[in-house]
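What follows is a set of notes on a single structure, which appears directly below.
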Amino acid sequence: MASTLRSSAARRILATKPTSAIRLLPQTRVAAFHASQRHQILPPGPQVVHGTVNDPVPIPTPNATHGSYHWAFERIIALGMLPLTVAPFAAGTANPALDAALGTALILHSHIGFDACVTDYFPKRQYPKTRTFMVWLLRASTITAAVGLFSIQTNDVGLTEGIKRFWRA
Amino acid sequence: MLSTRVLSRSLLRSARPNSTAFFTPRRMITTESISASSANSILAAQRLARPVSPHLSIYQPQLTWYLSMTTRITGVALSGIFYLYTIGYVLVSPFGVDMSVANASKKWGELNGAVKAAVKVPLAACFSFHFWNGIRHLVWDTGRELTVRGVYRTGYGVLGLTALSTLGLVVV
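So the protein lines, in turn, are chains A and P. Okay, so the first sequence: first residue is 1 according to the numbering used here, each after it adds one. Okay, so the second sequence: first residue is 1 according to the numbering used here, each after it adds one.
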């Protein structure tokens, strides 16, 4: 009871006009850290606070596939694409096996590249729902693209010949 | 005698609950305890009001990060076109639109030459740049040319090769 009375009294005092003594105090102003013009590219994303500052850094669960294998895998694909992108066009023939290898490498390389973009631009900490959506959208897109490529390879003229026709049209 | 009385009075007062309230100066602020989650939401709201640190626009345009950025942009452009066509091949064909290479390339070929050039030249440049800079990255991955001098030397080399092969692809 006493505390409620006191707080209501305090609120009444705070609500009244500041006395001259209070008015002398400097007003709180927000100042930029730098004098140059502010160039804000994007508004700040949603701020999420997890735990407290005293929490230890979580240790990720060890996973055998999380080593540097993906790095080597990406390089092998990129390295393999160098001859695959040049050879069919230089040779002038559309070998089905070569075409299939180029198509597979292209799909994998594209997926890895898009996945890196999703990881970079939709951080899980700030946009957990958008991140999940984008990851699944990319997976669906990659599978659909692979299906489309497969039908181009099997029922149509094939990848190399297709690119050639578009380029020379 | 008097001193004993005073002492006993003071002892009695201190033993009473709220005995110190009389002497404590009244503070004109109130505090309230809030839950951890609402404290976090206040903290999050405060963080939103902080100035956003500027990026990209405050850095001097340099070959290093411009080429790095361009690699991703060209890659997304090339793969984006590839995905758009192949996904369209699957999703649009059932609705009676002829997405076959023969028909689509014929329609594309009927377009104005200037329009075709406006698409083909950037596309050739995108592919050339991504190709040559990809090789540059693979060279870096072996540990070579990882000096300031090496980065600039290979960077200008990539730009030169890109110009040449773009020209070659357009002429083909």
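Here a beta-carbon is modelled for each residue, glycine too, at the ideal position from N, C-alpha and C. Computed from a predicted structure; not experimentally measured.
Just how far apart, CA to CA, sit A/E121 and A/F114?
-> Going by the sequence as given, residue 121 of chain A is Tyr instead of Glu. Spanning the two alpha carbons is a distance of roughly 11 Å.
From A/G148, A/V49, A/L42 and A/T144, pick the residue whose C-alpha is nearest to that of P/M99; which is it?
-> A/G148
Roughly how far, in whole angstroms, is the beta-carbon of A/L98 from the beta-carbon of A/L84, given that I think they are within contact range, below 8 Å?
-> 7 Å
Going by the CB atoms, is the gap between A/V48 and A/R131 shorter than 8 Å?
-> no
Pull up the distance between the alpha-carbon of A/F73 and that of A/G67, whole angstroms please.
-> 11 Å
Determine the burial state of A/Y69: buried for a count of at least 16 other Cβ atoms within 10 Å of its Cβ, exposed for fewer.
-> exposed
Give a yes or no on whether 8 Å exceeds the smallest Cβ distance from A/L108 to chain P.
-> no
Residue-chain proximity (P/S179, chain A), Cβ-Cβ < 8 Å = Not covered by the structure: residue 179 of chain P. The range shown for chain P is 1 to 172.
Reference A/A146; option with closest CA among A/R168, A/L106 and A/A116 = A/L106
For P/T71 versus P/H130, is the C-beta distance shorter than 8 Å?
-> yes
Could you check the C-alpha separation between A/G92 and P/E110 for me, to the nearest Å?
-> 24 Å
With hydrogens ignored, establish whether the beta-carbon of A/S110 is closer than 7 Å to any heavy atom of the ligand SAM.
-> This structure simply doesn't include the ligand SAM, nor any ligand for that matter.
The region 110 to 126 of chain P touching the region 146 to 156 of chain P, judged by at least three CB pairs closer than 8 Å = no
Show which residues of chain P have a CB atom less than 9 Å away from the CB atom of A/G67.
-> Those do not exist, as A/G67 stays about 16 Å from chain P at its closest Cβ, beyond 9 Å.
Own chain, CB closer than 6 Å to A/P46, minus 5 neighbours either side, in chain order | The beta carbon of A/P46 sits closer than 6 Å to the beta carbons of Q126 from its chain, once the five residues preceding and following it are set aside; these are given in chain order.
Span separating the alpha-carbon of A/F150 from that of A/I163 | 15 Å
Can a CB atom of chain P be found closer than 8 Å to the CB of A/A122?
-> The sequence as given places Phe at residue 122 of chain A; Ala does not occur at that position. By this cut-off, A/F122 is not an interface position.
Please determine, among A/K129, A/A64 and A/A169, the residue with the shortest C-alpha to C-alpha distance to P/L119.
-> The question names Leu, yet the displayed sequence has Val at residue 119 of chain P. The residue with the shortest Cα to Cα distance from P/V119 is A/A169.
Mind pulling the chain P residues with CB within less than 7 Å of A/A171?
-> Since the first and last residues shown for chain A are 1 and 169, residue 171 of chain A lies out of range.
The region 36 to 51 of chain P: which residues have C-beta closer than 7 Å to a C-beta of chain A, in chain order?
-> N40, L43, A44, R47, L48 and P51
Measure from the C-beta of P/T162 to each C-beta in chain A and report whether the shortest distance is under 8 Å.
-> No - not a single Cβ of chain A is within 8 Å of the one on P/T162.
Between which two residues does the alpha helix (DSSP H) carrying P/D141 extend?
-> G113 to D141
Residues of its chain near A/I152, where Cβ-Cβ distance is below 7 Å and the 5 sequence neighbours each way are ignored = Once the five neighbours on either side are set aside, the close Cβ partners of A/I152 are G158, L159 and G162.
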